[in-house]
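S.K.:
Chains as they are written, first to last, in this note's numbering: chain A, 128 to 465; chain B, 128 to 465.
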C-alpha cells in the first residue's frame, strides 16, 4: 500500500457534494450526505466514511438505494412512531428519524422512531452526536446482514447489529458506537493486509475453531460476537427489537436479498434536560469519567478513555493535518464525480 | 461438596415466607420476596436465588436494606419518572418500578422509571418476565459495585452492570439477562471449587495478565468485560445512564460504601401491543428464532438456544424434580427462619 494523501475536510465535502449532485440528489441532500461521509472520515472511521462512498454509488446504480425517496411516518402511538424508509439513502433517513425522535423526546420525555426498509446508516455515531448536540440521550441500533454464527451454530445467521448510545456532555459528548462483533471485517482485513495476527480471537477458521488469524477467518465470514454466547444473544435480541418495532425485515429476510438493503433500525431519544438541574447532570457524568479515566495503567503505556474520546481526538488532529486518505480511494471518488 | 438435596418450590416459598415474616416484613411483601427468590432458583439462578438469602438477611441486619421502606416517586416528566428506593429491598422496589413503567408504557407507548437509592434486585430476569407477562418489551439495567477494570486500567472501577431485555412471546418470552462481565464471580468460584479452568479468559491474574485460571483470577477481583474494550465502554455507559437518569449514586459512589447499597437502576418498558397486529408480531419473532435456532452445530453436540430458553427449560425440570439445593445453604436458611 502506498502512503495515504492528506485531504482537508473542506475539499472532501466539496468533491462529495458534486459527486452526489451528479447522482441527482437535490442540493440539500447532496450536502448532507457529503458532510456526513466527511465527518465520519474526520472521526477516523474510514470504513464508513470516504472508503465506503464507491459502494454507496454502486448501491444507487444497482437500485438498492433510491435517490428520490426518503423516510415517512406510517403509524404512531404516543411517543412511538413507525416509519418506512422507502429504500432511501440510509444517512438521510437516519438524520430525519433522529430529528423526529428528538422532537418526540422534547415533547414527551422520550421518543422512539422504528424505521424499516432503509439502507446502511454508515456510522451510527453520527446520529448519536446529532441527538447529543440537541441535549438528548440516545440509544440507536440497526440490524444487518448475517455475519456471525449464533452461539453453537456453524453458519452466520445473526448480524453484527451496531448498538450506539450517546450522553450529552459540555466538555465532549460520551458516545458509544460499537458493533456486536469483536472485530469489524474491515479491521480484520487491515490486519490481513499488514500480515499481522489479531490481538484476540475474532472469528472461526475453516476447521470451525476460534482463530486470531485474519487469513483464515476471512476464508468464511464468521465473526465472533463480543463475549461469545452473550454477544450472540444480544445480537439476536437487537434484531428482534428492530424487526418487531418497525414491522420490518429481520436479518433472516435481509439474508435472502442479493444486497444488504431494506434493513430495520430503532432511534430512541431521552430528554433529561426536563429533569432540571444541568449542573448536577454534568457533575454526575464527570464523576464517572474522573473515576474511570487516566487511572493507573494495567500495563505500562496503557491508557483508558471514555467512550467517544478517541474519535473526538482524531477529529481535532485530522481537522488540523488533513485526513490520510488512500490515493486509490480518492482517485476512485474523483473519477466517479466527473 | 456433598450432594444437593431436592426442595420443592412450594416448600421453599413456605420457608422463605416465614423467614421474611420473622424479619418484620408485612405479609404481602414477605410473600413477594419469597416467591421471587424461589422463582430465581427455579430458573437455575441459585446465586441470586436461595444461595443469596443469607446475605440479604445480613444486609437487613447491618442496616443496608430497610424493611420498613419502599420506592416512591420523586419527579416526573411525560413518560419519564424518577423514583427513590429509600434503601428498601431491591426486589420489592424493582417489582414496583417495573409495574409503574408498564403502566406508563400502556398509557404513552413507553415508560421509563429511573430508580436511585435502592438495593440489589437479585435476578433482573424476574422483572423482564413481569414486563413480558404484561405484554411489554422491557430494557432494564442496574449499576453495581466496581468489579472490572476499565479497559487499560489496573484496578476494578466499573461494574458488571447487568443488562436485561425482554420481548413477549406466546410460546415463551425471549429474555436476555446478562452481566457485562464474561463470567460472574459466582461462576468463577464454581470452577475453582471443581478444580477446573474457565473455557475462556475471565479476568486478570496477579501478574496483570488475562487468565482462565479461577484460582489466580480470584486473588484480585478483576473480571473481564465481554468483548474486552467494548464491554468496558458499555459498562461505563450503563453506569452513566442509570446515575444520570436517577440522579443517584454511580459505581464510584457505591465503591465508597462499606456494602453494595444505594445503587441506581433504569426500567424502560415499551408497549408494542398498540402497534396492533399481534399475529404479525409473533410471526416476526418466530421467524428470527426459526432462523437462528437448532441450526447445524459448529461442533458435534453444540446446540443453539434463543435467549431465555434454557432457564425456561430448567424451570420445568426443577418444578418436576425439585430444586437441587446445597444442604449447607438450606440448613442455614432454616436456621435463620427459626
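All C-beta atoms in this analysis are idealised placements derived from N, C-alpha and C, irrespective of residue type, glycine included.
1) Whose CA, out of B/456, B/248, B/224, lies closest to the CA of residue 192 of chain B?
2) Is DSSP giving residue 451 of chain B helix, strand or coil here?
3) Are there three or more Cβ pairs, one per stretch, closer than 8 Å when the region 272-289 of chain A is compared with the region 422-433 of chain B?
4) Against chain B, does residue 240 of chain A count as a neighbour if the rule is that its beta carbon must be under 8 Å from one of theirs?
5) Please list, in chain order, all residues of the same chain as residue 453 of chain B whose beta carbon is under 6 Å from its beta carbon, the five residues on each side excluded.
6) Are any of the Cβ atoms in chain B nearer than 8 Å to that of residue 353 of chain A?
7) CA-CA distance, residue 436 of chain B and residue 301 of chain B?
8) Decide if residue 200 of chain A is buried, meaning its Cβ has at least 16 other Cβ atoms within 10 Å, or exposed.
9) Can you give me the Cβ contacts of residue 266 of chain B inside the same chain, cut-off strictly under 7 Å, excluding the 5 residues immediately before and after it?
10) Name the residues in the region 277-304 of chain B whose C-beta lies less than 7 Å from a C-beta of chain A; which are they?
11) I'd like the list of long-range same chain contacts for residue 355 of chain A, defined as Cβ closer than 7 Å, with 5 residues on each side in sequence excluded.
12) Would you kindly work out how many angstroms separate the C-alpha atoms of residue 271 of chain A and residue 382 of chain B, rounded to a whole number?
13) From residue 424 of chain B to residue 363 of chain B, what distance separates their C-alpha atoms?
14) Out of A/145, A/153, A/186, state which residue places its alpha-carbon closest to the alpha-carbon of residue 387 of chain A.
15) Could you tell me if residue 223 of chain B is buried or exposed, where buried requires 16 or more neighbouring beta carbons within 10 angstroms of its beta carbon?
16) Expressed to the nearest angstrom, what Euclidean distance is found between the alpha-carbon atoms of residue 178 of chain A and residue 299 of chain B?
17) Quick one: residues in its chain with C-beta nearer than 7 Å to the C-beta of residue 404 of chain A, no 5 flanking neighbours on either side, listed in chain order?
18) What does DSSP give as the partner residue(s) for residue 308 of chain A in the beta ladder?
19) Give the secondary structure of residue 164 of chain A by DSSP, where H, G and I count as helix, E and B as strand, and everything else as coil.
20) Going along the chain, which residues of its own chain have a beta-carbon closer than 8 Å to the beta-carbon of residue 297 of chain A, five neighbours each way excluded?
21) If distances are taken between C-alpha atoms only, which option among A/331, A/320, A/151, A/322 comes closest to residue 308 of chain A?
22) Mind checking whether residue 140 of chain A and residue 165 of chain A have CB atoms under 8 Å apart?
23) Counting Cβ pairs, one atom from each stretch, are 3 or more of them under 8 Å apart for the region 251-264 of chain B and the region 211-230 of chain B?
24) Kindly provide the ranges of any alpha helix (DSSP H) runs that are 4 or more residues long and lie completely inside the region 193-236 of chain B, ordered along the chain.
25) So with CB distances below 7 Å, who are the chain B contacts of residue 327 of chain A?
26) Could you list the residues in the region 199-212 of chain A with a C-beta less than 7 Å from some C-beta on chain B, going in chain order?
27) Please say whether residue 243 of chain B and residue 376 of chain B have beta carbons closer to each other than 8 Å?
M.R.: Answer, in terms of the structure:
1) As a working note, residue 192 of chain B is residue 65 in the second chain. When each option's Cα is compared against that of residue 192 of chain B, the closest is B/248.
2) Taking the first residue of the second chain as 1, we reach residue 451 of chain B at position 324. In the structure shown, residue 451 of chain B sits in a strand (DSSP, three-state: E or B).
3) Touching, yes, given that three or more Cβ pairs across the two stretches are closer than 8 Å.
4) Position 113 of the first chain holds residue 240 of chain A. No, because no Cβ of chain B sits closer than 8 Å to the Cβ of residue 240 of chain A.
5) For the purposes of this step, residue 453 of chain B is identified with residue 326 of the second chain, where counting begins at 1. Around residue 453 of chain B: 131.
6) Position 226 of the first chain, counted from the first residue, corresponds to residue 353 of chain A. Yes - at least one Cβ of chain B is within 8 Å of the one on residue 353 of chain A.
7) Looking up residue 436 of chain B in the second chain gives position 309. Looking up residue 301 of chain B in the second chain gives position 174. Those two C-alpha atoms are separated by around 7 Å.
8) For the purposes of this step, residue 200 of chain A is taken as residue 73 along the first chain, with counting starting at 1. Burial check for residue 200 of chain A: the Cβ neighbour count within 10 Å stays below 16, so the residue is exposed.
9) The count along the second chain starts at 1 and reaches residue 266 of chain B at position 139. Contacts found: 292, 395.
10) Correct list: 277, 278, 279, 280, 281, 282, 284, 285, 292, 294, 301, 303.
11) Numbered from 1 along the first chain, position 228 holds the residue referred to as residue 355 of chain A. These residues qualify, in order along the chain: 278.
12) Residue numbering aside, residue 271 of chain A sits at position 144 when the first chain is read from its first letter. Residue numbering aside, residue 382 of chain B sits at position 255 when the second chain is read from its first letter. Cα to Cα, residue 271 of chain A sits roughly 39 Å from residue 382 of chain B.
13) Here residue 424 of chain B is taken as the residue at index 297 of the second chain, counted from 1. Here residue 363 of chain B is taken as the residue at index 236 of the second chain, counted from 1. Distance from the CA of residue 424 of chain B to the CA of residue 363 of chain B, rounded to the nearest whole angstrom, comes to 35 Å.
14) If you number the first chain from 1, residue 387 of chain A lands on position 260. Distances from the CA of residue 387 of chain A to each of A/145, A/153, A/186 were compared; the closest alpha carbon is that of A/186.
15) Here residue 223 of chain B corresponds to residue number 96 of the second chain, with the count starting at 1. Within a 10 Å sphere around the beta-carbon of residue 223 of chain B sit 16 or more other beta-carbons, which makes this residue buried.
16) Within the first chain, numbered from 1, the residue matching residue 178 of chain A stands at position 51. Within the second chain, numbered from 1, the residue matching residue 299 of chain B stands at position 172. Those two C-alpha atoms are separated by around 44 Å.
17) Counting from one through the first chain, the residue named residue 404 of chain A turns up at place 277. Here the set comprises nothing.
18) The count along the first chain starts at 1 and reaches residue 308 of chain A at position 181. Residue 308 of chain A is bridged by DSSP to A/352.
19) Within the first chain, the letter at position 37 stands for residue 164 of chain A. Of the three classes helix, strand and coil, the one that applies to residue 164 of chain A here is helix, per DSSP.
20) Here the question's residue 297 of chain A lines up with position 170 in the first chain. Cβ neighbours of residue 297 of chain A beyond the five flanking positions: 409.
21) One-based indexing of the first chain puts residue 308 of chain A at position 181. Out of A/331, A/320, A/151, A/322, A/331 has the C-alpha closest to the C-alpha of residue 308 of chain A.
22) For the purposes of this step, residue 140 of chain A is taken as residue 13 along the first chain, with counting starting at 1. For the purposes of this step, residue 165 of chain A is taken as residue 38 along the first chain, with counting starting at 1. Between residue 140 of chain A and residue 165 of chain A, the C-beta gap is smaller than 8 Å, which places the two residues in contact.
23) Counting Cβ pairs under 8 Å, three or more are found: they touch.
24) Annotation: the region 193-236 of chain B contains the following complete segments of the alpha helix (DSSP H) (minimum length 4 residues), in chain order: 217-235.
25) Numbered from its first residue, the first chain carries residue 327 of chain A at position 200. The contacting residues are 355.
26) Taking 7 Å as the Cβ-Cβ cut-off against chain B, the residues of the region 199-212 of chain A that qualify are 202, 204, 205, 206, 207, 209.
27) Counting from 1 along the second chain, the entry for residue 376 of chain B is found at position 249. Counting from 1 along the second chain, the entry for residue 243 of chain B is found at position 116. Yes, the Cβ-Cβ distance between residue 376 of chain B and residue 243 of chain B is below 8 Å.
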